[in-house]
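First comes the structure, then the notes that go with it.
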């Protein structure tokens, strides 16, 4: 997947760049790290030839991966239990 990011720095300069990542939770962590130092103006994700506009305001500097991985483990546990 590719992230296309536009930020505004402390001098109100717009900067656009992109990065290629393999996991969504890592992409969210990258966006959170960027938002800790600069204002996210626009974030687009391209994955499997689909473009998704992400809400820049939700990335506030806190990591996402820990929570996402914890939810994944909880779901794996639930799904591994037999159905009665």
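In our numbering, the protein residues as written are 75 to 158.
The beta-carbon is built from N, C-alpha and C at its ideal position, and this holds for glycine as well.
* Asked: Considering only the beta carbon of each residue, do residue 91 and residue 116 sit closer than 9 Å?
  -> No, Cβ-Cβ distance for residue 91 and residue 116 is not below 9 Å.
* Hey, out of 105, 150, 110, whose CA is closest to residue 76's CA? -> Looking at the Cα atoms, 105 is the closest of the given residues.
* Give me the Cα-Cα distance between residue 120 and residue 158, rounded to the nearest whole angstrom. => About 41 Å.
* To do: Given a cut-off of 9 Å, decide if residue 138 and residue 109 are closer than it, judged by their beta-carbon atoms.
  => Contact: no.
* Asked: Beta carbon of residue 96, beta carbon of residue 88: below 9 Å?
  -> Result no, Cβ atoms of residue 96 and residue 88 do not sit closer than 9 Å.
* Anticipated Cβ contact below 8 Å, residue 112 with residue 128, distance rounded -> By a beta-carbon distance limit of 8 Å, residue 112 does not contact residue 128. Their separation comes to about 16 Å.
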